[in-house]
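Chemist:
In my numbering, the protein residues as written are 1 to 337.
1. List, from N- to C-terminal side, the alpha helix (DSSP H) runs of 4 residues or more that fit wholly inside the segment 211–292.
2. Alpha carbon to alpha carbon, what distance is there between residue 182 and residue 233?
3. For a quick check, are the C-beta atoms of residue 218 and residue 256 less than 8 Å apart?
4. Identify whether residue 88 lies in helix, strand or coil by the three-state DSSP scheme.
5. Can you check whether the CB of residue 300 is closer than 8 Å to the CB of residue 271?
6. Residue range of the alpha helix (DSSP H) that residue 159 falls in?
7. By DSSP, does residue 129 sit in helix, in strand, or in coil?
8. So is residue 46 buried or exposed if we call it buried at 16+ other beta carbons inside 10 Å?
9. Consult DSSP for residue 10 and reduce its assignment to one of helix, strand or coil.
10. For residue 27, does the three-state DSSP call read helix, strand or coil?
11. Label residue 41 either buried or exposed according to how many other C-beta atoms from any shown protein chain fall within 10 Å of its C-beta, with 16 as the threshold for buried.
12. Any idea what DSSP makes of residue 58, helix, strand or coil?
13. Measure the alpha-carbon distance for residue 57 versus residue 293 and round it to whole angstroms.
14. Could you check what DSSP says for residue 180 in three-state terms: helix, strand or coil?
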């Protein structure tokens, strides 16, 4: 019997209020949030540096002085001679070692991030049941689910890659099979349909991950079993999950933006007080105490931002945990009826 999850009555305001209390009271959970923020966030490139290089390039002197050119030529020759003197076997050993080092760092950060995710899910669940989660009580639970979560992430990667290849191959093969104006029409229509299908598939996959990770950590499911059950839950409760995702994102963005504005307002005043005297009577270089104070302000500002992100991470995980429990309760009720 198919469940009518579209008619689920979920009190989202209660979920938000309980998550707020869990985040506020259980500060040990902030540690796992900090780990996830530190090892899970990515950064973009600084395009302004490339633009400034392009703008200042034309200001370089058109000709390099002969003395400078002679010195640079000698340095380049010495460097080239040293590079050519190193045997290829050593270069290969160096390249292999450097690659293995990068691989080790990526693997270690992945494992640490997965452990923190499992421990946070378990800790939030313990707090939701009235317990007092600590590092000692939640860390073993994260370690216990580590293997299955890693296997599950590999399964998800394989499914995502296969899904992408199937969609691209289908639309690409159809495009090549057509000719004339049909090919142009299919290029436009196929791009829209294929893009929409890929977005919907990725959304469904994200929802599946939310359920599957909690099935692994909280219910002891195996990876493939969790994938199938998570897909079933995300499909049958798609609309309520969309609502929870929108609310969660809206609250996170709002609090995050307001928190950033508050931090800027707090740290801008002492920064101005330190910088303003440097321009009185003409610019002069800051002294050592001023430099240390500025670096301390920057350090505190960055870490305060990380703390806000960590709190929002705990809050978000708590929302999804409580929402998952509601969905799971209704699943169990349907089985018993």
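Beta carbons are placed, not taken as given, at the ideal position from N, Cα and C, and that holds for glycine.
Modeler: Once the coordinates are examined:
1. 223–236, 238–275
2. 40 Å
3. no
4. helix
5. no
6. 146–177
7. coil
8. With a pLDDT of only 41 at residue 46, under the threshold of 50, the placement of this residue in the model should not be trusted; the figure read from the coordinates follows. Burial call: exposed.
9. coil
10. coil
11. Confidence in residue 41 is poor, its pLDDT being 46 and thus under 50, which makes the residue's placement too unreliable to answer from.
12. At residue 58, the pLDDT of 45 sits below 50, so the modelled position is not reliable and the matter cannot be decided from this model.
13. Interpretation of residue 57 is limited by its pLDDT of 44, a score under 50 that renders its predicted location unreliable; the figure taken from the coordinates is listed afterwards. Each residue's alpha carbon lies about 34 Å from the other.
14. coil
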